[in-house]
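Colleague: Quick one: the structure is below, questions incoming.
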Amino acid sequence: KTEGNIIMSSDDNFITFFIKEYKKLLSNARTNDSVNTEQLKDAFFYKQNDKIAYNKCDKKVIEMCEKIINNMVCNFSYSKDTALEAILYAFKHTIINLSTIIKREDNDDKKISK
């Protein structure tokens, strides 16, 4: 019996690595108050499932969505489709929370001005 013991699989290792790398990637992302993190999250789902709804999103939301995808393409050599799939996977499995990861420019500006 393995009761009380934790068994790690290669899937667990992949998820752990993914969380670490994805948080590192997004930790450099910046936005301002005009980009709502819930709208940004929705935009990723729209991008895959509803192009019309995606194109109706706020311009700044679309720009941020594309920036995050392009960063994953550049940093990890993902295709754009694979980057989007990885992002959606992270949302579906509550691996990331954009509102806690993305730094707000207004907070950063306050730190700089002190």
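Everything in the sequence shown is counted per our numbering, starting at 40 for the first residue and increasing by one.
Cβ atoms here follow ideal geometry from the backbone N, Cα and C, with glycine treated the same way.
Between the beta-carbon of L79 and the beta-carbon of M103, is there less than 9 Å?
Modeller: yes
Colleague: Measure the C-alpha to C-alpha separation of A125 and T133 and round it to an integer number of angstroms.
Modeller: Going from the Cα of A125 to the Cα of T133 covers about 12 Å.
Colleague: So the alpha helix (DSSP H) T121 belongs to, where does it begin and stop?
Modeller: 119-131
Colleague: Leaving aside the five residues before and after K119 along the sequence, list all residues of the same chain whose C-beta is less than 7 Å from its C-beta, in chain order.
Modeller: I108, V112
Colleague: So for D97, helix, strand or coil by DSSP?
Modeller: coil
Colleague: Cα separation between F84 and L127?
Modeller: 7 Å
Colleague: Buried or exposed for A82, please, with buried defined as at least 16 other CB atoms from any protein chain shown within 10 angstroms of its CB.
Modeller: buried
Colleague: Under 9 Å, do N75 and V100 count as touching if we go by C-beta distance?
Modeller: yes
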